[in-house]
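**Student:** Heads up: take any position in the sequence shown, counting from 1, add 5, and you land on our numbering. Think of the CB as a built atom: it goes at the ideal place given N, C-alpha and C, for glycine as much as any other residue. Quick one: the structure is below, and I'll ask about it shortly.
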Amino acid sequence: MDLLSLYYFRELSKDLNMTKTVARLYISQQTLSNHIHRLEQHYDTPLFYRKPSLSLTCAGEFVLAFAQVVEKEEVNLRDILSDIEHQERGSLRVGASMARGTQFLPRILPDFYSRYPQVELRFVDGLSQKLEGMLSNGELDLAVVLSDEYRPDLVEHELCRDPIYLCIPENLLQQFYSPEQAQKLKESAVKGANIRDFNHLPFAMMTNRLGTRIKECFLREQVTLTTPFTGPSTSQILPLCAKGVVACCCSHLSLMEFGSRLGNQINIFPLLDQGEPMVQRLSLLRHKQRYLTHFSKYFMDLLFQTAAQLEQVQISHVV
């Protein structure tokens, strides 16, 4: 048995299809078959059922669990030896949604590469649930996710609180309310907006986790809104809001990223949910047994510093 055979076994277990695995790994089917046969000889037991389709045997399931542990420990060992030798090189695998990667990485990487120019950062785009699984399987080192209940093998560090804002084009306020009503609504919403007060406006909604939370808020307030547009995330709805077509709800970080493209004719109020400001909590996750290299710790420090700076930026705006 060797590490390469375990690696090929682990990769075949992902696809359970020889053709797909050899194409993905750029190896011949004979090479892959030889490594699997070598493992089965070593353990003196079949690891796959070949018919009716490829699947793991009971023994194969245990060998897969062992192979995953070996992979994690081998990565840990490489990082430990690199630290001992002060090589200041290696790779860091970081997961986040595309939006959060765009928000954080450009602010972090100049300082990070200034200190560690020989470290390769590999960014993985994904939603929180997918990234959590990749951390547990040793496929990621760090992940920025929305806070939730996590697996016991993961460590959570609170990164920041991301407030939610109600974004209302001024032209819609003037269209659906009298000038006096619009002024009173704005004065009242400066310290916190209740969605019930703006139920005459057309809204764009999202299908992501934040969109689900906002819908729940509407239901609690017994508000039925006109929703002419629904999209997967803020990158689709904010441009429509900027054009004065719809109102919407967006997070602090998303509004910062959109920046000046929103223009100066959008009212931005903190959104209330049951009388309290609505926020989503972002966390940094890592595996309990994953060794933290010096460059991993530095990346985490930069991430926390950047998050703290972004939290202080004022977003509210009244036209």
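Check whether the stretch 184-197 touches the stretch 272-279, counting contact only when three or more Cβ pairs, one atom from each stretch, lie closer than 8 Å.
**Tutor:** In short, these stretches touch, since the Cβ pair count reaches three.
**Student:** Per DSSP, Ala209 forms a beta bridge with which residues?
**Tutor:** Paired residues: Phe234.
**Student:** Given 8 Å as the limit, is there contact between the stretch 303-314 and the stretch 100-115, that is, 3 or more CB pairs closer than that?
**Tutor:** The stretch 303-314 is in contact with the stretch 100-115.
**Student:** Report, in whole angstroms, the separation of the C-beta atoms of Val99 and Asp146, which I expect to be a contact under 8 Å.
**Tutor:** Confirmed, about 7 Å.
**Student:** With distances taken between CB atoms, is the gap from Leu206 to Phe181 smaller than 8 Å?
**Tutor:** Contact flag set, yes.
**Student:** So which of Ala312, Gln294, Tyr303 has the shortest CA-CA distance to Leu287?
**Tutor:** Ranking Ala312, Gln294, Tyr303 by Cα distance to Leu287 puts Ala312 first.
**Student:** What are the boundary residues of the beta strand (DSSP E) that Ser265 is part of?
**Tutor:** Ser265 -> no beta strand (DSSP E), and no H or E assigned at all.
**Student:** Helix, strand or coil for Leu287 per DSSP?
**Tutor:** The answer is strand: DSSP assigns Leu287 an E or B state.
**Student:** For a test of the three-state rule: what should DSSP assign to Ile113, helix, strand or coil?
**Tutor:** DSSP places Ile113 in helix when its eight states are reduced to three.
**Student:** Per DSSP, Glu125 is paired with what?
**Tutor:** Answer is Ser96, bridged to Glu125.
**Student:** For Ser119, which of helix, strand or coil comes out of DSSP?
**Tutor:** Helix at Ser119.
**Student:** Pick out whichever of Pro244, Tyr296, Ser321, His322 has its Cα sitting closest to the Cα of Leu82.
**Tutor:** Checking every option, the nearest Cα to that of Leu82 belongs to Tyr296.
**Student:** Quick check on Asp146: does DSSP put it in helix, strand or coil?
**Tutor:** Correct three-state label for Asp146: coil.
**Student:** Can you tell me whether DSSP reads Val160 as helix, strand or coil?
**Tutor:** If DSSP states are grouped into helix, strand and coil, Val160 belongs with the strands.
**Student:** DSSP on Ile85, reduced to helix/strand/coil?
**Tutor:** Note: Ile85 maps to helix in three-state DSSP.
**Student:** Give me whichever residues DSSP pairs with Asp7 in a beta bridge.
**Tutor:** Beta-bridge pairing links Asp7 to no other residue.
**Student:** In terms of residue numbering, what span does the beta strand (DSSP E) encompassing Ile200 cover?
**Tutor:** Looking at the DSSP string, Ile200 is not in any beta strand (DSSP E), and its letter there is neither H nor E.
**Student:** Could you check whether the Cβ of Arg156 sits closer than 7 Å to any heavy atom belonging to the ligand MG?
**Tutor:** Among the components modelled here there is no ligand, and therefore nothing to report on the ligand MG.
**Student:** Shorter than 8 Å from the beta carbon of Leu145 to some beta carbon of chain C?
**Tutor:** In the displayed structure, chain C is absent; only one protein chain is listed.
**Student:** Determine the DSSP secondary structure at Asn272, reduced to helix, strand or coil.
**Tutor:** The answer is strand: DSSP assigns Asn272 an E or B state.
**Student:** The beta strand (DSSP E) that contains Ser152, what's its start and end?
**Tutor:** It is not in any beta strand (DSSP E) - Ser152 carries neither H nor E in the DSSP assignment.
**Student:** Measuring alpha carbon to alpha carbon, tell me which of Leu44, Ser119, Gly280 ends up nearest Asp7.
**Tutor:** It is Leu44.
**Student:** Which same chain residues, not among the five before or five after Glu192, have their C-beta less than 7 Å away from its C-beta?
**Tutor:** Excluding residues within five positions, none has a Cβ falling inside 7 Å.
**Student:** With a cut-off of 8 Å, do at least 3 Cβ pairs link the stretch 10-20 to the stretch 63-80?
**Tutor:** Yes: the two stretches touch, three or more of their Cβ pairs being nearer than 8 Å.
**Student:** Under the DSSP definition of a beta bridge, which residues are partnered with Tyr12?
**Tutor:** Tyr12 is not bridged to any residue.
**Student:** Assign Leu174 to one of two classes, buried (16 or more other C-beta atoms within 10 Å of its C-beta) or exposed (fewer than that).
**Tutor:** It should be noted that the sequence gives Pro, not Leu, for residue 174. Classification for Pro174: buried.
**Student:** Just the Cα atoms here: how many angstroms apart are Leu178 and Ala187?
**Tutor:** Roughly 6 Å between the two C-alpha positions.
**Student:** The alpha helix (DSSP H) spanning Ser256 covers which residue range?
**Tutor:** Segment 253-256 is the beta strand (DSSP E) holding Ser256; no alpha helix (DSSP H) there.
**Student:** Which residue or residues does DSSP assign as beta-bridge partners of His47?
**Tutor:** In the DSSP output, where bridge partners are listed per residue, His47 has none listed.
**Student:** Can you look up Ser60 in the DSSP assignment and give me helix, strand or coil?
**Tutor:** Strand.
**Student:** Just reading off the alpha helix (DSSP H) that Asn22 is part of, what are its end residues?
**Tutor:** No alpha helix (DSSP H) holds Asn22; DSSP gives it neither H nor E.
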